[in-house]
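A.B. asks: Residue numbers (the numbering used here), protein chains in the order written: chain Z, 238 to 536; chain G, 238 to 536. Heads up, the beta-carbon is just placed ideally off N, CA and C, and yes, glycines get one too. The structure that follows is given in the form of structure tokens.
Number of protein chains: 2
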Amino acid sequence: MNLSDLQLFIRIVETGSLTETANQLNITTAGVSSALKRLEKNLEVQLFIRSTRQLRITPQGEQFLFHCRQALNSLEQGRLSAHQTQGNVTGKLRLSVSSDLGRNTLLPWIDELLEEHPLLSIDLTVGDSVSDFFLEQVDIALRYGKPEDSSMVSFKIATVKRITCAAPDYILEHGEPITPEQLTTHKCLLYRRAGRFFDQWHYSNLTNTYKIKVESNRVSNDTDIVKRWAVAGKGIAYRSYIDIYSELKNGQLVQLLPNYESPTVELHLICPSREQITPAVIALRELLRSKLSANVFAP
Amino acid sequence: MNLSDLQLFIRIVETGSLTETANQLNITTAGVSSALKRLEKNLEVQLFIRSTRQLRITPQGEQFLFHCRQALNSLEQGRLSAHQTQGNVTGKLRLSVSSDLGRNTLLPWIDELLEEHPLLSIDLTVGDSVSDFFLEQVDIALRYGKPEDSSMVSFKIATVKRITCAAPDYILEHGEPITPEQLTTHKCLLYRRAGRFFDQWHYSNLTNTYKIKVESNRVSNDTDIVKRWAVAGKGIAYRSYIDIYSELKNGQLVQLLPNYESPTVELHLICPSREQITPAVIALRELLRSKLSANVFAP
DNA sequence: TTCATTGTTAACAAATATTTAATAGTGTTT
DNA sequence: AAACACTATTAAATATTTGTTAACAATGAA
Chain Z
238 MNLSDLQLFI RIVETGSLTE TANQLNITTA GVSSALKRLE KNLEVQLFIR
288 STRQLRITPQ GEQFLFHCRQ ALNSLEQGRL SAHQTQGNVT GKLRLSVSSD
338 LGRNTLLPWI DELLEEHPLL SIDLTVGDSV SDFFLEQVDI ALRYGKPEDS
388 SMVSFKIATV KRITCAAPDY ILEHGEPITP EQLTTHKCLL YRRAGRFFDQ
438 WHYSNLTNTY KIKVESNRVS NDTDIVKRWA VAGKGIAYRS YIDIYSELKN
488 GQLVQLLPNY ESPTVELHLI CPSREQITPA VIALRELLRS KLSANVFAP
Chain G
238 MNLSDLQLFI RIVETGSLTE TANQLNITTA GVSSALKRLE KNLEVQLFIR
288 STRQLRITPQ GEQFLFHCRQ ALNSLEQGRL SAHQTQGNVT GKLRLSVSSD
338 LGRNTLLPWI DELLEEHPLL SIDLTVGDSV SDFFLEQVDI ALRYGKPEDS
388 SMVSFKIATV KRITCAAPDY ILEHGEPITP EQLTTHKCLL YRRAGRFFDQ
438 WHYSNLTNTY KIKVESNRVS NDTDIVKRWA VAGKGIAYRS YIDIYSELKN
488 GQLVQLLPNY ESPTVELHLI CPSREQITPA VIALRELLRS KLSANVFAP
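Right, dumping it as structure tokens:
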């Protein structure tokens with residue numbers, strides 16, 4: 238099947254005449270006739286009832302017309318959006334990220350992005366509340382987990398592990414838990430979002446899976462605060478690897494239960510709609526992907 | 238641009254390799270390569286970043302991919318629905334029509350339809366309430382006016398005039414109104430739908446337009462009953478031409494105010510969704526159109 | 001009936017796509 | 001580090017598709 242035949246078909250419907258269509262497209266009537274025949278043969282459907290003096294569309298043709306127009310529309314949209322994507326990275330990018338990711342990991346990367354694209358400006362909303370995304374005027378959000386709302390477009394950036402960790406001082410004072418069950422006797426640092434406490438910590442090794450409900454005397458809805466508590470030796474935290482990467486590296490935090498795996502989470506870049514995927518969004522996505530696929534954050 | 242190139246593009250994305258794509262489609266790698274180049278040149282967009290050993294899609298390509306898939310989908314849908322439309326007219330057609338149209342004009346036409354298509358059966362819901370359409374299990378409805386709900390698919394069947402009419406006996410007894418204003422002193426027969434009284438009758442001639450609020454001692458929500466009252470000489474009715482065509486012809490009713498035009502109404506065949514446009518629906522639509530374009534009902 | 005116009009058909013010319021075969025590049029392996 | 005194996009590209013040759021020309025058939029209007 239041929240695209241130009243489809244455009245021709247639509248023209249024929251619009252003009253209601255093969256000759257007129259031929260004139261408009263600067264081809265011969267014979268060409269139009271054979272192209273139409275070709276299309277009909279391919280579809281195995283008669284699109285028009287023709288006499289030598291008039292042309293009228295069949296119900297089948299009418300039916301096809303609708304989808305045909307739709308298809309050509311999509312294609313035009315595709316052409317435009319592909320073009321737009323390769324356009325210049327300019328304007329203001331309003332980005333929402335969780336507090337920890339935003340304040341620490343992301344900041345240097347954003348510097349890089351702005352250096353590379355001098356015409357781009359950033360408006361960064363830092364916060365863990367999901368509602369930010371709807372309430373604040375934001376173009377994209379970087380969040381753990383897929384969006385529940387299927388109307389949104391999301392790009393998977395990376396798959397990251399969760400790490401159980403604490404400050405060396407804390408371990409010296411309270412001892413190191415060797416099995417997940419021992420966590421219940423420790424002070425754990427909890428994150429809360431939308432009123433929900435994340436106090437179920439999951440583990441598995443070759444033989445078993447564990448779902449531990451931990452106890453806590455410190456809870457916050459700010460991931461950065463949870464990390465600061467951990468660094469200050471206030472208890473044990475259960476965070477994604479990206480968030481505590483540098484602290485693990487410089488020794489402020491150490492990993493606990495290294496023989497147990499915790500479920501991974503996916504980091505997603507979420508866009509309210511396909512129209513808002515601007516060149517700037519793509520640039521950010523590519524930057525994040527390159528940074529996070531550099532294997533630094535996937536131990 | 239070429240459709241097969243689009244399918245090829247999608248294949249390349251899926252396989253992630255030109256060679257593998259070539260194998261699957263039984264063409265040479267060189268062919269795939271040049272086809273891809275052709276597409277990229279046409280779009281003026283680079284779809285893949287290629288090295289001699291690997292292939293990865295560009296953000297632009299990714300962007301285009303979405304719309305490309307969508308377009309090919311539409312086209313496949315078009316092919317299917319065109320095919321389906323030319324299929325056999327079978328099954329049960331559940332049709333809802335206004336009471337008058339259903340009881341009189343439509344009945345012989347439906348006989349014709351069933352005769353022509355022996356495998357078709359009809360389930361006819363007669364009633365003037367719009368809610369029938371939603372409450373009853375109905376495939377299509379024949380109604381005056383366009384549907385407000387834009388999610389529905391509607392086919393315009395005909396444009397019909399409204400006629401003011403009465404029985405000859407009534408005119409003998411009460412006199413014939415010569416101007417629209419004189420209607421206010423007559424007994425008018427009203428139609429009511431969804432609690433709304435249709436007591437505003439509209440007229441125009443070369444110089445003026447008139448909007449007359451008529452008085453009535455007989456109101457019904459059934460259009461057929463309104464017509465029966467008119468035939469029985471109980472008052473003046475304001476109906477669409479189709480509804481009273483036969484009574485005008487055989488003299489049971491006569492047209493009043495022939496020098497004044499009343500606004501036309503469009504008769505629509507309404508379908509809840511595009512999926513329900515079956516061959517039977519198309520057959521009915523074509524029948525109605527042929528019957529109503531026979532100029533019998535557009536004086 | 002005649003006439004002008006419209007769509008069709010067949011042979012042909014032009015444009016386009018595909019293959020063949022040779023070439024160059026890159027990630028992997030030894 | 002060098003050879004290898006596989007991948008994509010390119011150019012010329014070939015095959016296919018598409019459009020043109022020209023003669024023809026059909027139909028609605030005068």
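Under a Cβ-count criterion, where at least 16 other Cβ atoms within 10 Å of its own Cβ denotes burial, should G/Ile264 be classed as buried or exposed?
C.D. replies: So G/Ile264 counts as exposed.
A.B. asks: Relative to the alpha-carbon of Z/Gly253, which residue among Z/Ile294, Z/Thr342, Z/Leu276 has its alpha-carbon at the smallest distance?
C.D. replies: Closest by alpha carbon: Z/Ile294.
A.B. asks: Taking 9 angstroms as the threshold (beta carbon to beta carbon), is Z/Thr266 in contact with chain G?
C.D. replies: No, Z/Thr266 does not count as interfacial toward chain G.
A.B. asks: State the beta-bridge partners of Z/Asp360 as determined by DSSP.
C.D. replies: According to DSSP, which records beta bridges pairwise, Z/Asp360 is partnered with Z/Arg331.
A.B. asks: Starting from G/Gln489, trace the alpha helix (DSSP H) in both directions and tell me its first and last residue.
C.D. replies: Run containing G/Gln489: none; DSSP gives neither H nor E here.
A.B. asks: Got a sec, what are the start and stop residues for the alpha helix (DSSP H) G/Glu313 sits in?
C.D. replies: Unbroken alpha helix (DSSP H) run through G/Glu313: 296–322.
A.B. asks: Does any CB atom of chain G fall closer than 9 angstroms to the CB of Z/Gly253?
C.D. replies: Z/Gly253 does not count as touching chain G.
A.B. asks: Please specify which runs of the beta strand (DSSP E), each continuous and at least 3 residues long, are wholly inside the stretch 373–436 of chain G, giving them in chain order.
C.D. replies: Counting whole runs of 3 or more residues, the stretch 373–436 of chain G contains the beta strand (DSSP E) stretches 377–381, 390–397, 399–403, 426–430.
A.B. asks: At the 9 angstroms Cβ level, is G/Gln513 part of the contact set with chain Z, yes or no?
C.D. replies: Cβ-Cβ to chain Z under 9 angstroms: no for G/Gln513.
A.B. asks: Where does G/Tyr440 sit, in a helix, a strand or coil, going by DSSP?
C.D. replies: G/Tyr440 falls in the strand class under three-state DSSP.
A.B. asks: For G/Ile519, go through chain Z and note every residue whose CB falls closer than 9 angstroms to its CB, in chain order.
C.D. replies: Residues of chain Z passing the Cβ test: Pro296, Gln297, Glu299, Gln300.
A.B. asks: Unbroken beta strand (DSSP E) runs of length 3 or more, entirely within the stretch 244–304 of chain Z: which are they?
C.D. replies: Counting whole runs of 3 or more residues, the stretch 244–304 of chain Z contains the beta strand (DSSP E) stretches 285–287, 292–294.
A.B. asks: Let me know the secondary structure DSSP gives Z/Ala474 once reduced to three states.
C.D. replies: If DSSP states are grouped into helix, strand and coil, Z/Ala474 belongs with the strands.
A.B. asks: Express the C-alpha separation of Z/Arg522 and Z/His411 in angstroms, rounding to a whole number.
C.D. replies: Each residue's Cα considered, the two are about 42 angstroms apart.
A.B. asks: Would G/Ile473 pass as a contact of G/Lys424 if the rule is Cβ separation under 9 angstroms?
C.D. replies: Against a cut-off of 9 angstroms, the Cβ pair of G/Lys424 and G/Ile473 comes out as a contact.
A.B. asks: For the stretch 306–336 of chain Z, which residues have a CB atom closer than 7 angstroms to at least one CB atom of chain G, in sequence order?
C.D. replies: Here the close residues are Gln307, Ala308, Ser311, Leu312, Gln314, Gly315, Arg316, Ser318, Ala319, His320, Thr322, Gln323.
A.B. asks: Give the straight-line distance between the Cα atoms of G/Asn279 and Z/Leu443, rounded to the nearest whole angstrom.
C.D. replies: Rounded to whole angstroms, G/Asn279 to Z/Leu443 spans 54 angstroms at the Cα level.
A.B. asks: Hey, could you find the ends of the beta strand (DSSP E) Z/Arg537 is sitting in?
C.D. replies: Examination of residue 537 of chain Z is not possible in this model, given that chain Z is present from 238 through 536 alone.
A.B. asks: Please list the partners that G/Met389 has in chain Z, where partner means a Cβ-to-Cβ separation under 8 angstroms.
C.D. replies: By Cβ distance, chain Z contributes nothing, its closest Cβ being about 14 angstroms from G/Met389, past 8 angstroms.
A.B. asks: Quick one: what does DSSP say G/Glu452 is sitting in, helix, strand or coil?
C.D. replies: DSSP places G/Glu452 in coil when its eight states are reduced to three.
A.B. asks: Can you tell me whether G/Glu385 is buried or exposed? The criterion is at least 16 other CB atoms within 10 Å of its CB, across all chains shown.
C.D. replies: Classification of G/Glu385: exposed, given that the 10 Å Cβ count is below 16.
A.B. asks: What do you get for G/Lys464, buried or exposed, if any count of 16 or more other CB atoms within 10 angstroms of its CB means buried?
C.D. replies: Under this definition G/Lys464 is a buried residue.
A.B. asks: Could you pull out every residue in the same chain whose Cβ sits closer than 6 angstroms to the Cβ of G/Ala535, ignoring the five residues on either side in sequence?
C.D. replies: Low confidence applies here, because G/Ala535 scores a pLDDT of 47, under 50, leaving its location unreliable; read the following figure in that light. Cβ within range, chain order: n/a, list empty.
A.B. asks: Is it true that the CB of G/Gln297 sits closer than 9 angstroms to the CB of Z/His304?
C.D. replies: It is not a contact, given that the beta carbons lie outside the stated cut-off.
A.B. asks: Between G/Ala404 and G/Gln489, how many whole angstroms is the CB-CB distance? I'm expecting something under 8 angstroms.
C.D. replies: Going by Cβ atoms, the distance from G/Ala404 to G/Gln489 rounds to 6 angstroms, so yes, they are a contact pair.
A.B. asks: Between Z/Ser241 and chain G, is the shortest Cβ-Cβ distance under 9 angstroms, so that the two count as touching?
C.D. replies: Closer than 9 angstroms: yes.
A.B. asks: Where do the ends of the beta strand (DSSP E) carrying G/Leu506 lie?
C.D. replies: G/Leu506 -> beta strand (DSSP E) spans 502–508.
A.B. asks: What distance in whole Å lies between the Cβ atoms of Z/Leu357 and Z/Leu330, which are believed to be in contact at a cut-off of 8 angstroms?
C.D. replies: Between Z/Leu357 and Z/Leu330 the Cβ distance is about 6 angstroms, and since that is below 8 angstroms, they are a contact.
A.B. asks: Return yes when the Cβ of Z/Gly382 is within less than 9 angstroms of the Cβ of Z/Glu498, no when it is not.
C.D. replies: No.
A.B. asks: Enumerate in chain order the residues of its own chain whose CB-to-CB distance from Z/Lys274 is below 7 angstroms, with the five nearest sequence positions on each side excluded.
C.D. replies: So the list is empty, once near-sequence residues are dropped.
A.B. asks: Would you give the residue range spanned by the alpha helix (DSSP H) that G/Ala520 belongs to?
C.D. replies: Looking at the DSSP string, the run of the alpha helix (DSSP H) that includes G/Ala520 is 516–529.
A.B. asks: Helix, strand or coil for Z/Tyr447? Go by DSSP, reduced to three states.
C.D. replies: Of the three classes helix, strand and coil, the one that applies to Z/Tyr447 here is strand, per DSSP.
A.B. asks: Residues of chain Z with CB under 7 angstroms from G/His304, in chain order?
C.D. replies: By Cβ distance, chain Z contributes Ser311, Leu312, Gln314, Gly315, Ser318.
A.B. asks: Between which two residues does the alpha helix (DSSP H) harbouring G/Thr550 extend?
C.D. replies: An answer regarding residue 550 of chain G cannot be provided, because it is not within the stretch 238 to 536 covered by chain G.
A.B. asks: Check each candidate in Z/Val456, Z/Pro417, Z/Ile415 and name the one with the smallest Cα separation from Z/Gly432.
C.D. replies: Of the listed residues, the one whose Cα sits closest to Z/Gly432 is Z/Val456.
A.B. asks: Closest to G/Ile519 by C-alpha separation, out of Z/Glu299, Z/Ile347, Z/Leu255, Z/Glu281, would be which residue?
C.D. replies: When each option's Cα is compared against that of G/Ile519, the closest is Z/Glu299.
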